[in-house]
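Visitor:
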Amino acid sequence: MFSEKKSNQTQTSERNRIAKNTSIVGDVKSEGDFRIDGTVEGTIKTSGRVIIGIEGVVKGEVECSNADIEGIFTGKLVVTDLLSLKSTAKINGEVYINKLSVEPGSTFNATCSMKSGGVKELKNNERTKAEKTA
0 MFSEKKSNQT QTSERNRIAK NTSIVGDVKS EGDFRIDGTV EGTIKTSGRV
50 IIGIEGVVKG EVECSNADIE GIFTGKLVVT DLLSLKSTAK INGEVYINKL
100 SVEPGSTFNA TCSMKSGGVK ELKNNERTKA EKTA
């Protein structure tokens, strides 16, 4: 009736939380998502999402697939997909991203490098569609 076999689900559904008034110094590596409402000084590497809450502070290096930032980040940020900066975000350092979303009011003092697939050339039929206006 009950199987002894454990499922081989990926661990990306796991969530790690660093609560307010918590400080961590060091390196953290995980497959799961992170929510940071405290302070982290060091390196965070994950294949999941990193969320820095409005009271969160991160100094160091972060590598992740997606990031939502409401708090303060200083250092090197590598996001393989989407970086979303909320209106309260303050970013300083180096940023390497694929896509960027910035709300008005955020502070972005960083060198930013966007990965791109190159420039897509429009075909003739796409040009005529693009030129037509209402």
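Take the sequence shown: its position 115, counting from 1, is numbered 114 in numbering that gives the first Met the number 0, and each next residue is one higher.
The C-beta atom is built at its ideal place from N, Cα and C for all residues, glycine as well.
1) Inspect the beta-carbon positions of S105 and K85 and report whether they are closer than 8 angstroms.
2) Among I17, C111 and D32, which has the Cα closest to the Cα of E93?
3) On a Cα-Cα basis, can you pick out the residue from K114, V77, I17 and E30 that is closest to G37?
4) Take T87 as the anchor and find which of I35, V101, E69 and V77 has the nearest alpha-carbon.
5) Rounded to the nearest angstrom, how far is the Cβ of I71 from that of K44, given a contact under 8 angstroms?
6) How close, in whole Å, do the beta carbons of G52 and V24 come, if the pair is a contact with beta carbons under 8 angstroms?
7) With DSSP run on the structure shown, which of helix, strand or coil describes E30?
8) If you reduce the DSSP assignment to three classes, tell me which class N20 lands in.
9) Tell me whether Q10 is buried or exposed, calling it buried when 16 or more other Cβ atoms sit within 10 Å of its Cβ.
10) Is K114 helix, strand or coil by DSSP?
11) Alpha carbon to alpha carbon, how far is M113 from K28? Give it in angstroms, no decimals.
12) What is the C-beta distance between D32 and G47, in whole angstroms, given that I count them as a contact (C-beta under 8 angstroms)?
13) Identify the continuous beta strand (DSSP E) that holds N91 and give its terminal residues.
14) For S100, does the count of other Cβ atoms within 10 angstroms reach 16, so buried, or fall short, so exposed?
Guide: Inspection of the coordinates gives the following:
1) Position 106 of the sequence shown, counting from 1, holds the residue named residue 105. Position 86 of the sequence shown, counting from 1, holds the residue named residue 85. Contact check for S105 against K85 passes: the beta carbons are separated by less than 8 angstroms.
2) Counting from one through the sequence shown, the residue named residue 93 turns up at place 94. Answer by Cα proximity: C111.
3) Here residue 37 is taken as the residue at index 38 of the sequence shown, counted from 1. For G37, the nearest C-alpha among the options comes from I17.
4) One-based indexing of the sequence shown puts residue 87 at position 88. Comparing alpha carbon positions, the residue from I35, V101, E69 and V77 closest to T87 is E69.
5) Taking the first residue of the sequence shown as position 1, residue 71 is located at position 72. Taking the first residue of the sequence shown as position 1, residue 44 is located at position 45. Between K44 and I71 the Cβ distance is about 20 angstroms, and since that is not below 8 angstroms, they are no contact.
6) Position 53 of the sequence shown, counted from the start, is the residue given in the question as residue 52. Position 25 of the sequence shown, counted from the start, is the residue given in the question as residue 24. At roughly 19 angstroms, the Cβ-Cβ gap does not stay under 8 angstroms, so G52 and V24 are not in contact.
7) Along the sequence shown, read from residue 1 onward, the residue named residue 30 stands at position 31. Taken through DSSP and simplified to helix, strand or coil, E30 comes out as coil.
8) As a first step, residue 20 is located in the sequence shown; it is residue number 21 there, counting from the start. DSSP, reduced to helix, strand and coil, places N20 outside both helices and strands of the structure shown, so it counts as coil.
9) As a working note, residue 10 is residue 11 in the sequence shown. Because the pLDDT at Q10 is just 45, under 50, the model does not fix this residue reliably, and the value given afterwards should be weighed accordingly. The residue is exposed, with fewer than 16 neighbouring Cβ atoms inside 10 Å.
10) Numbered from its first residue, the sequence shown carries residue 114 at position 115. DSSP places K114 in coil when its eight states are reduced to three.
11) By one-based count along the sequence shown, residue 28 stands at place 29. By one-based count along the sequence shown, residue 113 stands at place 114. One alpha carbon belongs to K28, the other to M113, and they sit about 24 angstroms apart.
12) Here the question's residue 32 lines up with position 33 in the sequence shown. Here the question's residue 47 lines up with position 48 in the sequence shown. Yes, D32 and G47 are in contact; Cβ-Cβ is about 4 angstroms, under 8 angstroms.
13) Along the sequence shown, read from residue 1 onward, the residue named residue 91 stands at position 92. K89 to I96 is the extent of the beta strand (DSSP E) around N91.
14) To locate residue 100, count along the sequence shown from 1; it is residue 101. Exposed: under 16 other Cβ atoms inside 10 Å.
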